[in-house]
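>
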Amino acid sequence: MLSGLVELAAGAVTGWPYALAIADAERARRIGIRSTPRLRQWHLDLIALGALSVLVGAAVPELPRRVAWPLAAGCWTNANAFGLLAFRPEAAETPAYRTAAAASFTTVSWGFVSLAALALRRRWRMDR
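Per the numbering used here, the very first residue in the sequence shown carries number 1; after that it's consecutive.
Here's what the structure looks like:
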């Protein structure tokens, strides 16, 4: 849950450069922001995945590491993949970026599917 709270805070902080990019595109370009849509995507993904991580911690307490680590790592890498593209949009075309993005999506998918399976098992045990 702590990871999600930090990610949520990072999402809140990225609202500042996003606001700058909307209000003053030239100034945003001077500090290196090259894609406002990707900056927005980064900002919103940090908030969404951070909030989901907090929700997960509250809804399914005491996650085993085999579920918690892939979930946290996937949430962070998934959101931050868009951060890179806000400053280097051309990175999306590189094999390294595509491989990293695929690994990130795989990791976050594994984490959420493992979470659902764990919650179902716990529920099934309680109902027995």
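Backbone N, C-alpha and C fix where the C-beta goes; we use that ideal spot for every residue, glycine too.
Hey, would you say L20 sits closer than 8 Å to R30, going by beta carbons?
Contact: no.
> Give the C-beta separation of L71 and G111 to the nearest angstrom, bearing in mind that I take them to be a contact with Cβ-Cβ under 8 Å.
With a Cβ gap of about 3 Å, L71 and G111 count as contacting.
> Using a 10 Å radius around the Cβ and a threshold of 16 neighbouring Cβ atoms, would you call E90 buried or exposed?
Its Cβ having fewer than 16 others within 10 Å, E90 is exposed.
> Between the C-alpha atoms of A51 and D45, what's the straight-line distance to the nearest angstrom?
Each residue's Cα considered, the two are about 10 Å apart.
> Tell me which residue opens and which closes the alpha helix (DSSP H) that P37 is part of.
Unbroken alpha helix (DSSP H) run through P37: 36 to 59.
> Drop a sphere of 10 angstroms on the beta-carbon of E62, count the other beta-carbons inside from all chains shown, and report buried for 16 or more, exposed for fewer.
By the neighbour-count rule (16 or more Cβ atoms within 10 Å), E62 is not buried but exposed.
> So the alpha helix (DSSP H) G4 belongs to, where does it begin and stop?
Element bounds for G4: 2 to 13.
> How big is the Cα-Cα spacing for V60 and L49?
Spanning the two alpha carbons is a distance of roughly 16 Å.
> What's the gap between the Cα of G15 and the Cα of I47?
Straight-line Cα distance between these residues: approximately 10 Å.
> Using only CA atoms, which one of N78, V13, R66, G83 lies nearest to R38?
The option with the nearest alpha carbon to R38 is G83.
> Compare the C-alpha of I115 against each of R98, A25, R66 and name the closest.
Looking at the sequence shown, residue 115 is not Ile but Leu. Checking every option, the nearest Cα to that of L115 belongs to R66.
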